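Worksheet: one structure, shown below.
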Amino acid sequence: MIDILKDTCFFKGIPEVEIEEILKSESYIIKSYKKGEVIANQGEKCNSLSVVIDGKAVIQTIYENGKVLTLSYFNVSDVFAEALLFSKEKEYPATVMAFENCKILSFPKKSVLGIIQKNTKFTENILELLSQKIVILNRKINLIELDSIRRKICKILLDNYKRNNTFSLKISSKKDLAEELGIPRPSLSRELINMRDMGLIDFSLKEITILDLEGLEDEFFV
């Protein structure tokens, strides 16, 4: 289990001997869930920081008409509920469930506070993650505010180019990219085809490549 925890964002850079000492001195719970079983319901109070130590979980918003919006997947070593644990409104905004059989390790709030007091690196990791989430949220807000699908695609490609100095953007799927941009997947596919026909980009299942950087900038600032 220590091998898994040291790969999490919270225990990054912390020696194994220190992680072992944390597990000995602080309380935690490990619970198994079967595929489709609810880990935390939307609206339920959050009282712990959780880590996936086996299998895969998913966070979804389930609407009254039965439709489901998948927000994110959690794989082994992924953490969730870190932003809720210390907030005034501690209710889960969506439902977390087992995407496949999985095991979840949960540290109660008291244990998290105990680790923070004892381990500076753990505290630094928490602050870094929460700061990064704010940056990502601001980026998503900026995308949502754009007035066309083409400008949204241009922005995410141009931002990736500026950050990573690469013409290629790796994507997990068009579905995930569409959700990030806040647009329907068919609309994203149509616009990608239009932009490819214009010679601005090329794309495959897992990658979008800028072919005409200047043209892409012109489309964004038009």
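Residues 1 to 222 (the UniProt record's numbering) are what the sequence shown spells out, left to right.
Cβ coordinates follow ideal geometry from the N, Cα and C atoms, glycine included.
From a predicted model like this one, the values you see are computed outputs, not experimental measurements.
Chain-order list of residues whose beta-carbon lies under 8 Å from that of Lys133 (same chain, five-residue window excluded): Residue mapping note: residue 133 aligns to position 133 of the sequence shown, counting from 1. Within the same chain, Lys133 has close Cβ partners Ala83.
Val112 to Ile171, Cα distance in whole Å? By 1-based counting over the sequence shown, the position of residue 112 is 112. By 1-based counting over the sequence shown, the position of residue 171 is 171. Using only the alpha carbons, I get a separation of about 33 Å.
Run through the UniProt domain "Cyclic nucleotide-binding" (10-133) for me and flag every whole alpha helix (DSSP H) of 4 or more residues, listed as ranges in chain order. Qualifying alpha helix (DSSP H) stretches, in chain order: 16-25, 109-118.
With 16 other CB atoms within 10 Å as the buried threshold, where does Val96 fall? Walking along the sequence shown from the start, residue 96 turns up at place 96. Looking at its Cβ environment, which holds 16 or more other Cβ atoms inside 10 Å, Val96 is buried.
Would you say Ala57 and Ala98 are within 8 Å of each other, going by their C-beta atoms? Position 57 of the sequence shown holds residue 57. Position 98 of the sequence shown holds residue 98. Yes.
Helix, strand or coil at Phe203 according to DSSP, with G and I counted as helix: Counting from one through the sequence shown, the residue named residue 203 turns up at place 203. In the displayed model, Phe203 falls within a strand according to three-state DSSP.
With a CB to CB cut of under 6 Å and the five nearest residues on each side skipped, what residues in its chain are close to Leu169? Start at 1 with the first residue of the sequence shown, and residue 169 comes out as number 169. The beta carbon of Leu169 sits closer than 6 Å to the beta carbons of Leu157, Asn160, Ile208 from its chain, once the five residues preceding and following it are set aside; these are given in chain order.
Can you check whether the CB of Ser48 is closer than 8 Å to the CB of Lys118? Here the question's residue 118 lines up with position 118 in the sequence shown. Here the question's residue 48 lines up with position 48 in the sequence shown. Result no, Cβ atoms of Lys118 and Ser48 do not sit closer than 8 Å.
Reducing DSSP to helix, strand and coil, say where Ile149 ends up. What you label residue 149 is simply residue 149 of the sequence shown in a count that begins at 1. Of the three classes helix, strand and coil, the one that applies to Ile149 here is helix, per DSSP.
Which of helix, strand or coil does DSSP assign to Lys170? Taking the sequence shown and counting its residues from 1, one reaches residue 170 at position 170. Strand at Lys170.
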